[in-house]
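**Student:** Residue numbers (this note's numbering): 95 to 434.
Don't be surprised by glycine CBs; every beta carbon is placed ideally from N, CA and C.
Take a look at the following structure, please.
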Ligand code: SAM
Ligand code: SF4
């Protein structure tokens with residue numbers, strides 16, 4: 095095993111010397127929305143019996159924390175539609191109290207934040223990523239196939255009122271929401287929210303052709319530069335976004351560019367699905383089953399060994415293409431399976 099251990103004791107280190115400090119966990123593949131770039135309208139979801147229980151999710155997350163993971167992001171599907179998921183946050187919060195974990199956070203579509211914002215804050219969550227692609231209610235409905243814009247805005251307000259730091263994720267789609275980006279920057283600046291634009295990634299068959307909608311963020315940035323001054327700043331979130339400071343609003347505006355600018359060289363993360371499959375790279379098929387070793391014994395010995403063996407297979411990176419020759423998705427699973 096070609097593992098370089100120059101990054102401190104207790105760390106999971108991949109073959110390229112990158113310490114894995116960040117685990118994203120998809121707690122369900124289900125969602126109450128059907129965003130056009132993420133899911134097809136008639137999705138077949140996993141039978142509930144295939145899912146890890148909340149106790150098992152806690153166990154595997156805790157095993158990662160013991161092996162040096164410092165940041166946990168709960169995602170999905172829509173994490174807040176999973177029954178009693180709040181208890182997972184409340185239980186994982188114990189690792190924040192001991193200092194073993196630096197951050198517990200989630201990515202959500204915001205539809206259920208009015209119910210959960212306060213309890214998330216009480217559990218130790220400090221920041222939430224909320225996806226919002228449009229401020230036009232009709233357009234929002236079209237993008238999400240049936241989403242209620244007002245409900246999501248109520249959720250965003252509830253998060254802010256609860257004292258959670260909010261980051262808005264906006265997927266950039268040509269001819270769909272590209273006339274709203276400047277207003278989005280202004281709104282986020284005024285609200286004190288970070289804003290991150292994301293390029294559409296070719297993940298899963300969503301029943302449409304992505305070529306027409308794909309919009310390189312270099313173009314988004316160039317257009318924004320006509321109205322705003324965006325000064326590059328060093329990234330402090332440990333994520334793949336490249337950040338700028340908008341001089342006019344004072345807010346941070348980030349760009350996630352998996353298509354035009356590969357961010358793999360600094361990748362510090364792995365992703366766990368709700369069935370206990372670990373993907374070492376968002377854009378590659380190789381995966382490790384952690385459910386079997388976890389269920390094989392009450393001790394974590396086999397689980398820990400499986401985690402170490404998986405990290406030793408983490409690939410150098412991915413290559414996504416969206417062009418006329420590459421119409422098929424780069425990977426078969428959708429983002430909602432791997433956990434965005
Ligand atoms: N349901 C939650 C939400 O929407 O925030 C969490 C899961 S969702 C899969 C996580 C993020 O992935 C969202 O910001 C969504 O916009 C993004 N996403 C989903 N499919 C994508 C794709 N094909 N390309 C780029 N971003 C995608
Ligand atoms: Fe659901 Fe999030 Fe996918 Fe939209 S992006 S369908 S909200 S999982």
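Indicate the three-state DSSP secondary structure (helix, strand or coil) for residue 382 in the structure shown.
**Tutor:** In the chain shown, the residue the question calls residue 382 occupies position 288. Of the three classes helix, strand and coil, the one that applies to residue 382 here is strand, per DSSP.
**Student:** Going by Cα to Cα distance, which pick from 257, 258, 256 and 228 is closest to residue 244?
**Tutor:** Position 150 of the chain shown, counting from 1, holds the residue named residue 244. Looking at the Cα atoms, 228 is the closest of the given residues.
**Student:** Counting C-beta neighbours from all protein chains within 10 Å, is the total for residue 286 16 or more, i.e. buried, or is it exposed?
**Tutor:** Position 192 of the chain shown, counted from the first residue, corresponds to residue 286. Around the CB of residue 286, fewer than 16 other CB atoms lie within 10 Å, so the residue is classed as exposed.
**Student:** In the DSSP assignment, the alpha helix (DSSP H) including residue 282 goes from what residue to what residue?
**Tutor:** Counting from one through the chain shown, the residue named residue 282 turns up at place 188. From DSSP, the alpha helix (DSSP H) with residue 282 extends over 275 to 285.
**Student:** What does the alpha-carbon distance come out to for the pair residue 124 and residue 149?
**Tutor:** If you number the chain shown from 1, residue 124 lands on position 30. If you number the chain shown from 1, residue 149 lands on position 55. Whole-angstrom Cα-Cα distance: 19 Å.
**Student:** Could you spell out where the alpha helix (DSSP H) holding residue 192 opens and where it closes?
**Tutor:** For the purposes of this step, residue 192 is taken as the residue at position 98 of the chain shown. Where residue 192 is concerned, the enclosing alpha helix (DSSP H) stretches over 179 to 192.
**Student:** Using the C-alpha atoms, what's the distance from residue 385 back to residue 369?
**Tutor:** Within the chain shown, numbered from 1, the residue matching residue 369 stands at position 275. Within the chain shown, numbered from 1, the residue matching residue 385 stands at position 291. The alpha-carbon atoms of residue 369 and residue 385 are separated by roughly 7 Å.
**Student:** For residue 438 and residue 322, what's the separation of their Cα atoms in angstroms?
**Tutor:** This structure does not reach residue 438, given that the chain is present from 95 up to 434, and the question cannot be answered.
**Student:** Assign residue 388 to one of three DSSP states: helix, strand, or coil.
**Tutor:** By 1-based counting over the chain shown, the position of residue 388 is 294. Three-state DSSP puts residue 388 in a helix.
**Student:** For residue 289 and residue 345, which I take to be in contact (beta-carbon distance under 8 Å), what is that distance rounded to the nearest angstrom?
**Tutor:** Taking the first residue of the chain shown as 1, we reach residue 289 at position 195. Taking the first residue of the chain shown as 1, we reach residue 345 at position 251. With a Cβ gap of about 7 Å, residue 289 and residue 345 count as contacting.
**Student:** Out of 249, 284, 307 and 300, point me to the one whose CA is closest to residue 270's CA.
**Tutor:** In the chain shown, residue 270 corresponds to position 176, counting from 1. Residue 270 has its Cα closest to that of 307, out of 249, 284, 307 and 300.
**Student:** Can you give me the start and stop residues for the alpha helix (DSSP H) that residue 243 sits inside?
**Tutor:** Here residue 243 is taken as the residue at index 149 of the chain shown, counted from 1. 243 to 255 is the extent of the alpha helix (DSSP H) around residue 243.
**Student:** Say whether the segment 273 to 281 touches the segment 159 to 167, bearing in mind that this needs 3 or more beta-carbon pairs closer than 8 Å, one atom from each stretch.
**Tutor:** no
**Student:** Using a Cβ-based criterion (distance less than 6 Å to any ligand heavy atom), does residue 204 qualify as near the ligand SF4?
**Tutor:** Here the question's residue 204 lines up with position 110 in the chain shown. The answer is no for residue 204.
**Student:** Shorter than 6 Å, the distance from the beta carbon of residue 131 to the closest heavy atom of the ligand SAM, or not?
**Tutor:** In the chain shown, counting from the first residue as 1, residue 131 sits at position 37. Result yes, Cβ under 6 Å from the ligand SAM.
**Student:** Starting from residue 266, trace the alpha helix (DSSP H) both ways and give me its first and last residue.
**Tutor:** One-based indexing of the chain shown puts residue 266 at position 172. No alpha helix (DSSP H) holds residue 266; the beta strand (DSSP E) holding it covers 259 to 266.
**Student:** Residue 263: beta carbon under 6 Å from a heavy atom of the ligand SAM?
**Tutor:** Within the chain shown, residue 263 is the residue found at index 169, counting from 1. Answer for residue 263: yes, Cβ within range of the ligand SAM.
**Student:** Out of curiosity, what's the CA-to-CA distance linking residue 397 and residue 158?
**Tutor:** The residue you call residue 397 lines up with position 303 of the chain shown. The residue you call residue 158 lines up with position 64 of the chain shown. Each residue's alpha carbon lies about 10 Å from the other.
**Student:** I need the straight-line Cα distance from residue 104 to residue 194, nearest angstrom please.
**Tutor:** Within the chain shown, numbered from 1, the residue matching residue 104 stands at position 10. Within the chain shown, numbered from 1, the residue matching residue 194 stands at position 100. Rounded to the nearest angstrom, the two C-alpha atoms are 11 Å apart.
**Student:** Which of the three DSSP states, helix, strand or coil, is assigned to residue 146?
**Tutor:** As a first step, residue 146 must be located in the chain shown, where it is residue number 52. Looking at residue 146 - three-state DSSP - the assignment turns out to be coil, as it is neither helix nor strand.
**Student:** Does the separation of the CB atoms of residue 190 and residue 155 fall below 7 Å?
**Tutor:** For the purposes of this step, residue 190 is taken as residue 96 along the chain shown, with counting starting at 1. For the purposes of this step, residue 155 is taken as residue 61 along the chain shown, with counting starting at 1. Going by C-beta atoms, residue 190 is not nearer than 7 Å to residue 155.
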